[in-house]
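Quick mapping for you: the protein sequence lines, in order, are chains A and B. Numbered by numbering that gives the first Met the number 0, the letters in the first sequence go through residues 0 to 333 in order. Numbered by numbering that gives the first Met the number 0, the letters in the second sequence go through residues 0 to 285 in order. Report on the following structure.
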Amino acid sequence: MKLILTGILAALLAATAARADEMVFTSWGGTTQEAQTKSWAAPFEANSGIKVLQDGPTDYGKLKAMVEGGSVAWDVVDVEMDFAIKAAKDGLLEPIDFNVVPKADLDPRFTTEHAVGSFYYSFVLAWNKGAVSGEPTGWADMFDLTKFPGKRTFYKWSAPGVIEIALLADGVPADKLYPLDLDRAFKKLDTIKSEIVWWDSGAQSQQLIASGEAAFGQLWNGRVFALEQDGADVGASWKQNMTAADVLVIPKGSKNKASAMKFLATATSAKSQAMFAEASGYAPINTAAKAEMPADVVKSLPDAYVDGQINLDMNYWAENRDKIAERWYAWQAK
Amino acid sequence: MSGNFLHRQPILRRPDGIGGALPALTLIALFFVVPVVALLLRSVTEPVPGLQNYAILFGEGTYARVFFNTFLVATVVTAVTAIVAFPVAWMLAIMPPALGSIVFGIIILSMWTNLLTRTYAWMVLLQRTGVINRTLMDIGLISEPLPLINNLTGVTIGMVYIMLPFMILPLVGTLRAIDPMTLRAAALCGASPFDAFRRILLPLSLPGIAAGGLMVFVMSLGYFVTPTLLGGTSNMMLAAMIAQMIQSLLNWGLGSAAAFILLLVTMALYALQLRLVGAKRMTGGI
Chain A
0 MKLILTGILA ALLAATAARA DEMVFTSWGG TTQEAQTKSW AAPFEANSGI
50 KVLQDGPTDY GKLKAMVEGG SVAWDVVDVE MDFAIKAAKD GLLEPIDFNV
100 VPKADLDPRF TTEHAVGSFY YSFVLAWNKG AVSGEPTGWA DMFDLTKFPG
150 KRTFYKWSAP GVIEIALLAD GVPADKLYPL DLDRAFKKLD TIKSEIVWWD
200 SGAQSQQLIA SGEAAFGQLW NGRVFALEQD GADVGASWKQ NMTAADVLVI
250 PKGSKNKASA MKFLATATSA KSQAMFAEAS GYAPINTAAK AEMPADVVKS
300 LPDAYVDGQI NLDMNYWAEN RDKIAERWYA WQAK
Chain B
0 MSGNFLHRQP ILRRPDGIGG ALPALTLIAL FFVVPVVALL LRSVTEPVPG
50 LQNYAILFGE GTYARVFFNT FLVATVVTAV TAIVAFPVAW MLAIMPPALG
100 SIVFGIIILS MWTNLLTRTY AWMVLLQRTG VINRTLMDIG LISEPLPLIN
150 NLTGVTIGMV YIMLPFMILP LVGTLRAIDP MTLRAAALCG ASPFDAFRRI
200 LLPLSLPGIA AGGLMVFVMS LGYFVTPTLL GGTSNMMLAA MIAQMIQSLL
250 NWGLGSAAAF ILLLVTMALY ALQLRLVGAK RMTGGI
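This is the structure:
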């Protein structure tokens, strides 16, 4: 019966499955996927003659349903790295063929047996200059309701970032963050809980800050970059910025595996990564990409703010994902 | 004989009726019954066979809170909807038919407008920097924005607005069937308008309120979009929790169990309605 349900679900999803000379790329939509289409899919189509169909947004439940039902409609999927590590363990992903995907220049932080980097980003502290008096200088200011009153916005889902921010603000040294002290983090978060507005998509985080609905918040640097490009009156602090990565994976049972591997080779190449970084404000995962980029773009990337930068521990998160998520959502619902 | 012939006709017709219903029945069997059975099985087989998913749902405070929230929101929304809908339904019932059909059209039209669009519109109106708060602050009525969104207030406003037609429609049917003479008789006997309402109109309209109320309550129980967009995380309802379990936690066993409980509650409420109001009124009275 279980198989029937997943079978039906998968068959419905597979209605979008690609033909032999096509493949499906799935990402999170919005400006990020537009940049991926332009920088990766377009040159790939031109070189290989394989058409890349776009789908989205990424949905881990759907991905699991497809793999379990044996009818996989997605060939390459952009996912968060901690999910990729967990999904590989659960047998949901194809191993990457590094004979097709050149590994030499890929940032080893974001390369695993089952995933190659997509791009990497930093969480930064951003604020609406009209809604905040003075300038927040670090994560601790997000917890200071007297000095900085008003709503603050954080990422809604259980993911690397907010817990670490709370611990840093509570005085935990950056090199002592892991293993995460959840009790301490939630206690710290309790002090501002009533003032938190959660954002669940990048577009929403931009809207909240740009409108002043939230005075400041924890944002992806690419989204702040886009706000600045649009002329919004926002400020950003890179102090203790936190890197995390999206990676590209191939769901187990992909019908266009060979095309998908070739696509990964193009997407992670220095040139495609440079193009994407320029369009999105996110950092390349190919270490040779910087040479291909204009100097002012290089200056705006997380790479330029390595001083005090914190690498969120994806392996720790992959290991403890379910346990933390359970507590996270229980705390949120309180 | 003609009598015999007439008698036979419905018997002859019956197979045709079933034949015509086959496509719909097949659809429902394939896309409702089969998945529901699969869902039930999943809830007692994943990750291991047993009732552990149900034990977790009933045993942990978080989930109890979500269940409580779900029923709280559904109750508040149903009560407010009934209060707001009653005058409208009464007006529609006594209005000249030509005018009534225009008002009816407006109500139906609101039902046909995309749910997401309407909910986003409420976000724009209700948020701190939204139209309502800006206006109130500009005219000096308030100095700080009212908390109208990301809480129960926001969810109630947004959902009542969406549920109104589902209360108004059955209520109009019931109110139209009430003989206006009963009210006149009450007045002649010296009842004040309020007494007439409380002792005549309200009791007579109860079947309509029950039908509409149950429909609104049941729909509210499973609502996802509006509570998610207008509520805060502390108002989380069952549907949002199920989505979270399926999509981000990938805990399909627990998600299935929660979905199955929701289905059971809904069916129990429907059975209650059948008993209270009677199947005929339910299906034919609207």
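Each residue gets a CB set at the ideal place from its N, CA and C atoms; glycine is no exception.
- Mind pulling the chain B residues with CB within less than 9 Å of Val71/A? Those within 9 Å of Val71/A in chain B number zero; the least Cβ separation is about 16 Å.
- Item | Per-residue contacts from Arg64/B into chain A (C-beta, under 9 Å) | What Arg64/B touches in chain A: Ala329, Ala332 and Lys333.
- Message: For chain A, check one thing: does any of its Cβ atoms lie closer than 8 Å to the Cβ of Gln51/B?
- Response: Any Cβ of chain A closer than 8 Å to the Cβ of Gln51/B would place that residue at the interface, and such an atom is absent.
- Item | Contact belief for Ala317/A with Lys85/A at Cβ below 8 Å, rounded distance in angstroms | That belief holds up - the Cβ atoms of Ala317/A and Lys85/A are roughly 5 Å apart, short of 8 Å.
- Query: Within this structure, are the beta carbons of Val171/B and Leu91/B separated by less than 8 Å?
  - Reply: For the 8 Å CB-CB criterion, Val171/B and Leu91/B form a contact.
- Query: Looking at the structure shown, is Lys251/A part of a helix, part of a strand, or coil, going by DSSP?
  - Reply: Judged by DSSP in its simplified three-state form, Lys251/A adopts coil rather than helix or strand.
- Is the CB of Ile167/B under 8 Å away from at least one CB in chain A? It does not; no Cβ of chain A falls within 8 Å.
- Can you give, in chain order, each stretch of the beta strand (DSSP E) that sits fully within the segment 219–286 of chain A and has at least 3 residues? Here the runs fully enclosed are 233–248.
- Item | Candidates Ala264/A, Gly201/A and Arg326/A: closest to Lys186/A by CA position | It is Arg326/A whose Cα lies nearest to the Cα of Lys186/A.
- Message: Please list, in chain order, the residues of the segment 197–218 of chain A that have any C-beta partner in chain B closer than 8 Å.
- Response: In summary, the residues of the segment 197–218 of chain A whose CB is separated from some CB of chain B by less than 8 Å are Trp197, Ser210, Gly211 and Glu212, in the order they occur in the chain.
- Query: Terminal residues of the continuous beta strand (DSSP E) containing Met65/A?
  - Reply: Counting along the chain, no beta strand (DSSP E) covers Met65/A; the unbroken alpha helix (DSSP H) around it starts and ends at Tyr59 to Gly68.
- Would you say Met0/A faces chain B, with C-beta separation under 8 Å as the test? Confidence at Met0/A is low in this model, with a pLDDT of 48, below 50, so its placement is unreliable and the value that follows should be read with caution. By this cut-off, Met0/A is an interface position.
- Item | Neighbour flag for Thr225/B against chain E, beta carbons, 8 Å | In the structure shown, chain E cannot be found, because the protein chains are A and B.
- Could you check the C-alpha separation between Ser255/B and Val36/B for me, to the nearest Å? Taking the straight line joining both Cα atoms gives about 10 Å.
- CB contact below 8 Å: Ile156/B versus chain A: No, Ile156/B lies away from the interface with chain A (no Cβ there is under 8 Å from its Cβ).
- Message: Check for me: the alpha helix (DSSP H) holding Asn113/B runs from which residue to which?
- Response: Boundaries for Asn113/B: no alpha helix (DSSP H) harbours it, and the DSSP string shows neither H nor E there.
- Message: Contact criterion: CB-CB distance below 8 Å. Does Leu248/B meet it with respect to chain A?
- Response: Yes, Leu248/B counts as interfacial toward chain A.
- Message: Count Cβ pairs between the segment 87–103 of chain B and the segment 118–126 of chain B that sit closer than 8 Å; are there 3 or more?
- Response: Because the criterion of three Cβ pairs below 8 Å is not met, the segment 87–103 of chain B and the segment 118–126 of chain B do not touch.
- So, is Asn314/A buried or exposed, given that buried needs 16 or more other C-beta atoms within 10 angstroms? Exposed is the label assigned to Asn314/A, since fewer than 16 other Cβ atoms lie within 10 Å of its Cβ.
- Message: Relative to the C-alpha of Val99/A, which candidate in Ser258/A, Thr286/A and Ala276/A has its C-alpha closest?
- Response: Considering only alpha carbons, the answer is Ser258/A.
- Neighbour list for Gly60/A in chain B, Cβ cutoff strictly below 7 Å: Under the 7 Å cutoff, chain B gives Ile245, Gln246 and Leu249.
- Can you find a heavy atom of the ligand GTP that lies under 7 Å from the Cβ of Met136/B? This structure lacks the ligand GTP, and indeed carries no ligand of any kind.
- Item | Nonlocal neighbours in the same chain, by C-beta distance under 7 Å from Val87/B, ignoring five residues either side | Leaving aside the five residues that flank Val87/B on each side, the residues in its chain whose CB is nearer than 7 Å to its CB run, in chain order, Ile167.
- Message: Tell me which residues share the same chain as Leu182/B and place their Cβ nearer than 8 Å to its Cβ, disregarding the 5 neighbours each side in the sequence.
- Response: The answer, listed in chain order, is Ala195, Ile199 and Leu200.
- Task: Can you tell me the Cβ-Cβ gap for Thr80/B and Leu228/B, rounded? I've got them flagged as a contact below 8 Å.
- Result: Cβ atoms of Thr80/B and Leu228/B stay farther apart than 8 Å, at about 19 Å.
- Ile156/B versus Phe43/A: straight-line alpha-carbon distance, rounded: Their backbone Cα atoms lie some 49 Å apart in a straight line.
- Query: Gln239/A: buried (16+ other C-beta within 10 angstroms of its C-beta) or exposed?
  - Reply: For Gln239/A, the number of other beta carbons within 10 angstroms of its own is at least 16, and it is reported as buried.
- Tell me, please, whether the CB atom of Lys322/A is closer than 8 Å to any CB atom in chain B? With 8 Å as the cut-off, Lys322/A does not count as an interface residue toward chain B.
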